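Chemist: Be aware that the sequence shown starts at 4, since it is given in the working numbering, and climbs by one per residue.
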Amino acid sequence: VPKSELESWRNSMMYMHMALVGDYGIPNDTGVCIEFTLPPTSKRIDFILTGSDEQNNKHAIIIELKQWSSVEVTDQDGIVRTALGGGVRETTHPSYQALSYAQTLSSFNEAVYTKTVSINACAFTHNLTSSVEIRDQRYQNYWKQAPVFLGTEIEELQDFIKRFIRKGDNGEALYLIQHGRIKPSKELARALSGMLKNQPEFVLL
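Here it is, written out as structure tokens:
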């Protein structure tokens, strides 16, 4: 991969390491996947954790990782501005991005939409020190569903993980997702019907 992407991984993985090994409530045999290609797309999910809750329900947590040190609010739905590629550019809000990945799995992956594995999502902006812009009310619909955590909020991220993962699964849920059949769910068909009636249904990739 390009050197810039490799450095990005090293930086973000250091923060994820701190979050995971710094809390003894997160099991050592929690499943971990890095850079998961999201079928049926070419998109990649930064980080996935899997395990089960106290009732043995299987869970997967999507974590969108961002190295942003500053964010600007825009008036566009789910769009922020930040430093990217040598300039300040518009891009999707990390909570929107994580939520869109979760909804795509829920619409197309049979292991997910049959409730074999439950999907949850969040974002970890580990270089941000202010939550004012990233949690602006204009993006509330997204960060309420997929919380965004700052680098100073590692304990809050750990608490979020432990809401869903209390027991490790050695990646069993990852295996189910990876080998889940890719076919549209009945809920997706109903959502399409609703969209034709001008009802808000999708968080698009």
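Using N, Cα and C, we set each Cβ at its ideal position, and we do this for glycine too. All figures in this text were calculated on a predicted structure; none of them were measured in a lab.
#1: Less than 6 Å between C-beta atoms, sequence neighbours within five positions excluded: which residues of the same chain meet that for cysteine 36?
#2: Am I right that histidine 182 and tyrosine 142 are in contact with their C-beta atoms under 8 Å? What's the rounded C-beta distance?
#3: Output the distance between the C-alpha atoms of tyrosine 104 and arginine 47, rounded to the nearest integer angstrom.
#4: Tell me, please, whether the segment 145-165 touches the segment 117-129 by the rule of three or more beta-carbon pairs shorter than 8 Å.
#5: Within the segment 124-200, note down every full alpha helix (DSSP H) run reaching 4 residues or more, in order along the chain.
#6: Please confirm whether serine 196 and valine 151 have their CB atoms less than 8 Å apart.
#7: Would you call the segment 19-34 in contact with the segment 165-174, where contact means no fewer than 3 C-beta pairs closer than 8 Å?
#8: Based on the DSSP output, what are the partners of leucine 52 in its beta bridges?
#9: State the Cα-Cα distance for the pair serine 45 and glutamate 57, rounded to the nearest angstrom.
#10: How would you write the range of the alpha helix (DSSP H) that valine 115 sits in, first residue to last?
#11: Alpha carbons only, please: which of Asn144, Lys165, Lys147, Arg138 is nearest the one belonging to leucine 153?
#12: Assign leucine 87 to one of three DSSP states: helix, strand, or coil.
#13: For isoleucine 122, which residues does DSSP report across the bridge?
#14: Helix, strand or coil, according to DSSP, for glutamate 57 in the structure here?
#15: Taking the alpha helix (DSSP H) that valine 24 belongs to, which residues open and close that run?
#16: Beta-carbon within less than 7 Å of asparagine 14's beta-carbon, same chain only, minus the 5 sequence neighbours each way: which residues are those?
#17: Excluding five sequence neighbours on each side, which residues of the same chain lie with their C-beta closer than 6 Å to the C-beta of leucine 108?
Modeler: In brief:
#1: The answer, listed in chain order, is Ile51, Leu177.
#2: That pair is no contact at about 34 Å.
#3: So the two alpha carbons sit approximately 9 Å from each other.
#4: Put simply, the segment 145-165 touches the segment 117-129. At least three CB pairs are less than 8 Å apart.
#5: The qualifying runs are 143-146, 157-167, 175-181, 189-199.
#6: No, these two residues do not count as a Cβ contact at 8 Å.
#7: Verdict: yes, contact present.
#8: Val35, Ile64.
#9: The straight-line gap from Cα to Cα measures roughly 34 Å.
#10: 113-116 is the span of the alpha helix (DSSP H), which, as asked, contains valine 115.
#11: Residue Arg138 is the option with its Cα nearest to leucine 153.
#12: Shown here, leucine 87 sits in a strand according to DSSP, grouped into three states.
#13: The secondary-structure analysis by DSSP pairs isoleucine 122 across a beta bridge with Ala63.
#14: DSSP, read as helix, strand or coil, puts glutamate 57 in coil.
#15: Counted as a single uninterrupted DSSP element, the alpha helix (DSSP H) harbouring valine 24 occupies residues 6-24.
#16: The beta carbon of asparagine 14 lies closer than 7 Å to those of Gln70 in the same chain, with the five residues before and after it left out.
#17: These residues qualify, in order along the chain: Val115, Ile122.
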